[in-house]
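For what it's worth, the numbering used here labels the leading residue of the sequence shown as -5, then goes sequentially.
Built from N, CA and C at the ideal position, the CB exists for glycine as well.
In this text, all values refer to a predicted model and were calculated from it rather than measured experimentally.
What follows is a short report on a single structure.
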Amino acid sequence: MHSKVAIAPLLLGLALAAGLQQAHAQSTPLTPRQSDEQFARALNLREDGDLEQSIDELEKLLAADTTLDRARLELAVSHFRSLNFTQARALAEEVLNRPSTPESVRVTIRQFLAEVDKESRPHVFTPFVNVGVMHDSNVNAGPSRDVIDINGIQYTLNAKGVKTSDTGYITMAGVAHRYLFANKVGIGKSNLTLLWQSQASYYRTTYDTARDYDLDVISLSTGPAVLASNKWRLVVPYQFSDIYLGGKHLATFNGINPTWIANTGGWEFGVDGQWQKRNYIQSENNSRDSIYTSAGAYVSRNFLDQKLTANVAARAFEERAQADRFANRGEEYAATLTARPWTGGEVMLRGSHREARYQGEEILYGFARRDQETRFTLSVGHTISTGPMEKWNVALVGSSMHNKSNISIYDYRRKQVSLNLSRSF
């Protein structure tokens, strides 16, 4: 939903750039400088997440100068982001129906109204697809050496135990559904909007030779969401995943993942939790059956007129397994920097560090496992704006991971590079 809403300011930005001829009487004179300052203040408030104050500023601007159709159109955008579709449509149609509005502007307003009509429907279905090719330096997460030390004794790994590199192919397809409840609930100055969001998807990785590591995942999620204008939102989805490895049924994961996100003054804050039951199908893996729980938080900030976003996050987790050697707890920290240096382009750099402390002694070693995973990811993507591939996104993604463990067989390095093509319809 949010990706669709983001289209509206771009469409109206074209309208403003085209220039609107004003032909109405001015009720309270404003100097051009006063008008520009109040207009800029209203847009800044909106970008900082304060939709209600932005709407108030734009309404005051229109009350003082009824000729400002640029303010009227931006007010339509603010109402659109607030999911007040009726008011957004009325304001945009008022400008559209004005005889003095240039035809080039009418075209972009009609595009905006088409988005309003689509998003205001009770049911919205959004299919999506992703295909790609990748190279994996360590498909089986094998140790960096083919000779490992166990309590002073050296063992040589067989072919399946040594790290294996291979080329793989990625396929993902699915559909998201959003149901918009008709009635809003007013609390103070905020209007609460209730949604029900669902998604079904199928993901597959196919390797050229390492077919035992082909991965298939069928995922389903569904649950309510509550939005308070652009101030905060709460989602509580139930999630289910059915996982196959090498063509064999590996496991089913299911649980809930509540998330609360707030926006204020250009900052975004989020907290989330997860409760997940992990059930392994094969009898030899039954000791890995577990209950996984986690709690996390993040803070994000936009800079340079939305061209740069910084995000830091922290999470604590615990997995209680049937066998102590699989039970673990730990923490994870991550920092992400996202830049949008050109129209349609996005560059993302992410670094993370994860520590896991296991409870039971590892077989043959006689002591418990301790892992430290460090991962870096760099992606460069571009969304095509014209031609037969319009709206498709192409992305080159590279990642490097080092899992440092006190158990030599779990100490490994892994690098992946992929080229992906994706689109939502």
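Among LYS301, GLU367, GLY267, SER284, which residue has its Cα nearest to the Cα of GLY260?
-> Scanning LYS301, GLU367, GLY267, SER284 for the CA closest to the CA of GLY260 turns up LYS301.
When the Cα of ARG408 is compared with those of ALA321, GLU87, LYS54, THR158, which residue comes out closest?
-> For ARG408, the closest of ALA321, GLU87, LYS54, THR158 by C-alpha to C-alpha distance is THR158.
Around the Cβ of SER284, are there at least 16 other Cβ atoms within 10 angstroms (buried) or fewer (exposed)?
-> Of the residues assessed, SER284 falls on the buried side of the cut-off, its CB having 16 or more other CB atoms within 10 angstroms.
Hey, could you find the ends of the beta strand (DSSP E) VAL133 is sitting in?
-> Unbroken run through VAL133: none, as it is neither H nor E.
Residue closest to LEU107, alpha-carbon to alpha-carbon, out of LEU67, GLY126, PRO121 = Ranking LEU67, GLY126, PRO121 by Cα distance to LEU107 puts LEU67 first.
The stretch 125 to 137 contacting the stretch 409 to 416, beta-carbon criterion three pairs below 8 Å | With contact defined as three or more Cβ pairs closer than 8 Å, the stretch 125 to 137 and the stretch 409 to 416 are in contact.
Let me know the beta strand (DSSP E) ranges lying completely inside the stretch 372 to 403, each 3 residues or longer, listed in chain order.
-> Fully enclosed beta strand (DSSP E) runs of 3 or longer: 387 to 399.
Among the residues of its own chain, which have a CB less than 6 Å from the CB of ARG40, if the five just before and after it don't count?
-> Cβ neighbours of ARG40 within its own chain (closer than 6 Å, five residues either side excluded): SER48, SER72.
Hey, how far is the Cα of ASP69 from the Cα of LEU343?
-> A small fix is needed here, since residue 69 is Leu in this sequence, not Asp. When rounded, the separation of the alpha-carbon atoms in LEU69 and LEU343 is 35 Å.
CA-to-CA distance, ARG369 to GLY354, given in whole angstroms = Each residue's alpha carbon lies about 26 Å from the other.
I think ALA308 touches GLY324, with their Cβ atoms under 8 Å apart; what is that distance to the nearest whole Å?
-> About 12 Å separates the two Cβ atoms, so there is no contact after all.
Write down the C-beta distance between SER399 and ARG363 rounded to the nearest angstrom, noting that I regard them as a contact closer than 8 Å.
-> That pair is a contact at about 6 Å.
Endpoints, the beta strand (DSSP E) within which GLU340 is located | Unbroken beta strand (DSSP E) run through GLU340: 339 to 355.
Taking the Cβ atom as the reference point for each residue, do PRO116 and ALA176 lie within a distance shorter than 9 Å?
-> Cβ distance < 9 Å, so PRO116 and ALA176 count as in contact.
What is the DSSP secondary structure of ASN78, reduced to helix, strand or coil?
-> ASN78: coil per DSSP, three-state reduction.
Among PRO335, GLU113, LEU239, GLU262, which one has its Cα closest to the Cα of TRP226?
-> When PRO335, GLU113, LEU239, GLU262 are compared, the shortest CA-CA separation from TRP226 is found for GLU262.
Can you list, in chain order, the residues of its chain whose CB lies under 8 Å from that of GLU53, leaving out five sequence neighbours each side?
-> Excluding sequence neighbours, GLU53 sits near LEU69.
Under 8 Å by Cβ, that's how I've got GLY240 and ASP266 pegged, so tell me the actual separation to the nearest angstrom.
-> Contact flag wrong, Cβ pair sits at about 32 Å.
Per-residue burial, PRO121 [other beta carbons within 10 Å of its own, 16 or more giving buried] = Its Cβ having fewer than 16 others within 10 Å, PRO121 is exposed.
Would you mind sorting ILE357 into buried or exposed? The rule is 16 or more other CB atoms within 10 Å of its CB.
-> Under this definition ILE357 is an exposed residue.
Give the secondary structure of ALA321 by DSSP, where H, G and I count as helix, E and B as strand, and everything else as coil.
-> Looking at ALA321 - three-state DSSP - the assignment turns out to be coil, as it is neither helix nor strand.
Classification of PRO335 by the beta-carbon crowding that lies within 10 angstroms, buried from 16 upward | When all chains shown are included, PRO335 counts as exposed.
Between the Cα of GLU113 and the Cα atoms of ASN132, THR80, ASP30, which residue gives the shortest distance?
-> Of the listed residues, the one whose Cα sits closest to GLU113 is THR80.
Which of helix, strand or coil does DSSP assign to GLN420?
-> Only positions -5 to 419 of the chain appear in this structure, which leaves residue 420 out of reach.
Specify, as a first and last residue, the run of the beta strand (DSSP E) that GLN268 falls within.
-> It spans 261 to 274 - the beta strand (DSSP E) in which GLN268 sits, taken as one unbroken run.
Boundaries (first-last residue) of the beta strand (DSSP E) holding ASP236 = Looking at the DSSP string, the run of the beta strand (DSSP E) that includes ASP236 is 232 to 239.
Return yes when the Cβ of SER195 is within less than 9 Å of the Cβ of ALA167, no when it is not.
-> Result yes, Cβ atoms of ALA167 and SER195 sit closer than 9 Å.
Where TYR207 falls: helix, strand or coil (DSSP) = Look at TYR207 here: in three-state DSSP terms it is helix.
How is the beta strand (DSSP E) around THR102 delimited, first residue to last?
-> No beta strand (DSSP E) contains THR102, which is instead part of the alpha helix (DSSP H) from 97 to 113.
Under three-state DSSP, which class holds SER223?
-> In this structure, DSSP gives SER223 a state outside helix and strand, which the three-state scheme calls coil.
For the alpha helix (DSSP H) containing SER29, list its first residue and its last residue.
-> Unbroken alpha helix (DSSP H) run through SER29: 26 to 41.
Where the alpha helix (DSSP H) containing SER159 begins and where it ends = First-last for SER159: undefined, no H or E at that position.
Candidates VAL306, SER281, ALA315: closest to GLN270 by CA position | Closest option to GLN270, Cα to Cα, is ALA315.
Return the chain-ordered list of same chain residues with a C-beta closer than 6 Å to the C-beta of GLN20, the five sequence neighbours on each side being excluded.
-> Reliability of the predicted coordinates at GLN20 is poor, the pLDDT of 42 falling under 50, and no value is obtained from them.
Grab me the residues of GLN32's own chain with a C-beta within less than 7 Å of its C-beta, minus the 5 sequence neighbours each way, in chain order.
-> Apart from the 5 residues on each side of it in sequence, GLN32 sits with its Cβ closer than 7 Å to the Cβ of GLU51, LEU55 in its chain, given in chain order.
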